[in-house]
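Asks: Can you read through this structure? Questions will come right after.
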Amino acid sequence: MHADDLRTAAAGMLDRNWDDARGYCVPNPDTYPHLWLWDSCFHAVVWARLGDPRAARELDEVLAGQLPGGMVPHMRYGAEGPDAWLGPLPGTSSITQPPVFGHAARALADQGVAVSADTLEKARRGLDWLWEHRRTDDDLLFIVHPWEAGNDHSPRWDGWGGPGRTPADYDRAARSQWNKDLMGAVSFDDAGAAVWSSRFVAAPAGFNAYSAFAMAELAQVTGDDELAGRARRIAAAMDARLWDPAQNLWNDLALVGGAEDGGTGDIPASDGVMGALVTADGEKAQAALRQLREPERFGAPFGPANVARTHPSYDPRSYWRGPAWPQLSYLFGIALRRWGLDADADEVVRAARAVAERGEWPEYWDPETGDALGAAPQSWTALAAAMP
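So the sequence shown is numbered by full-length UniProt numbering: it starts at 1 and just counts up by one.
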């Protein structure tokens, strides 16, 4: 399919998932009828690259749900709430998600889409909240629920009792029960934002990389030297505390639970490559990134697998335990180009487009076969038509 035809198809899919009354794309009208933080940020990126002014409106809506203290919730509910308890607030969750709004602001600005001063200020406040309320003494950011990391049910969370060690026990009911158990251990501030947990606290490699990247990107738009400095501090802390020279990946650090009980934060997941978005260490970046093309690691025919293909936990068809994901492929492409690995970036783009050209726009897919998995059509898979 010609690139222009793919862009036209992506625009049509996004348009069908657009809710004009609420000002954003639902990820999927049936399975995901709410606003999700990083989903909508990626939608805004695609809108901008398609030349559609809805880019600014969708980013505005992400930040319109900001809590009084500054946290940006990971969900804002539609007409009905979700089927899981996500905190004490009636219309929004009390946990967050990777703050991709910093990158979205940069992506919109690069395409000539005006981002309002109010939205830029809210984005800064959202990043301030993470820095002020979710930072360790050594400048790593932590999460208090696995859903905040983005990779909701990664094998890296198995050390906290997560479901999914086998396909038989990895069903929606098991995942919902695990969420209920973990949410019961979370404490909230007066604004309803989650601030700590007695059972699950981790400093994930991926979340730290996404947050530092968001800070650096927003700083490029606003000229904010303090924010850029924070991004560098997180990246340096990742190199010092999370880098694993045996795996050539950045690994998760357990703070409450997890590694204290035997831990699985070092299972080779591809989000351990994401430090290449922000590290100043070219040797580390290259060592991590080359694994995206190595068959014994993440390299697969239809894009990087989420878990190393030779690891016992790898399941190419099981949610967050092996499939390829469009938003990860998009970010891998940015990291690869940052370090001059354009041929590898082109291959990641090719694989994502090959899946998108089948017309199903799946939430994620089998990296071995390209078979559609999860909800479809999923709005963020339009990224395949907008990858740099």
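Every residue, glycine too, gets a C-beta built ideally from N, C-alpha and C.
Everything numeric in this text was worked out from a predicted model, so none of it was measured.
Return the first residue and the last residue of the beta strand (DSSP E) that S187 is part of.
Replies: 186-188
Asks: Tell me the residue span of the beta strand (DSSP E) that contains A203.
Replies: 201-203
Asks: Pair every Cβ in the segment 119-127 with every Cβ in the segment 66-83, then say whether three or more of these pairs are closer than 8 Å.
Replies: Result yes; three or more Cβ-Cβ pairs closer than 8 Å.
Asks: What ranges does the alpha helix (DSSP H) occupy inside the segment 2-44, keeping only unbroken runs of at least 4 residues that lie completely in it?
Replies: 3-17
Asks: Taking the straight line between their C-alpha atoms, what separation do you get for A117 and Q97?
Replies: 23 Å
Asks: With distances taken from CA atoms, which of T119, L86, S94 is nearest G102?
Replies: Nearest C-alpha to G102: T119.
Asks: Less than 7 Å between the beta carbons of W38 and P27, yes or no?
Replies: no
Asks: Which partner residues of R175 appear in the DSSP bridge assignment?
Replies: Answer by DSSP bridge pairing: none, since R175 is not bridged.
Asks: Straight-line CA distance for L14 to D137?
Replies: 42 Å
Asks: Going straight from the alpha carbon of R76 to that of G65, what length do you get?
Replies: 7 Å
Asks: What three-state label does DSSP hand V307 in the structure shown?
Replies: The three-state secondary structure of V307, taken from DSSP, is strand.
Asks: So within the segment 184-255, which uninterrupted beta strand (DSSP E) runs reach at least 3 residues, ignoring any that extend past its ends?
Replies: 186-188, 194-197, 201-203
Asks: So, are the CB atoms of A345 and R338 less than 7 Å apart?
Replies: At the C-beta level, A345 and R338 stay beyond 7 Å of one another.
Asks: CB S211 to CB V144, shorter than 7 Å?
Replies: no
Asks: For W365, list the residues DSSP reports as bridge partners.
Replies: A324, A372
Asks: Go ahead and label S187 buried or exposed: buried means 16 or more other beta carbons lie within 10 angstroms of its beta carbon, across all protein chains shown.
Replies: exposed
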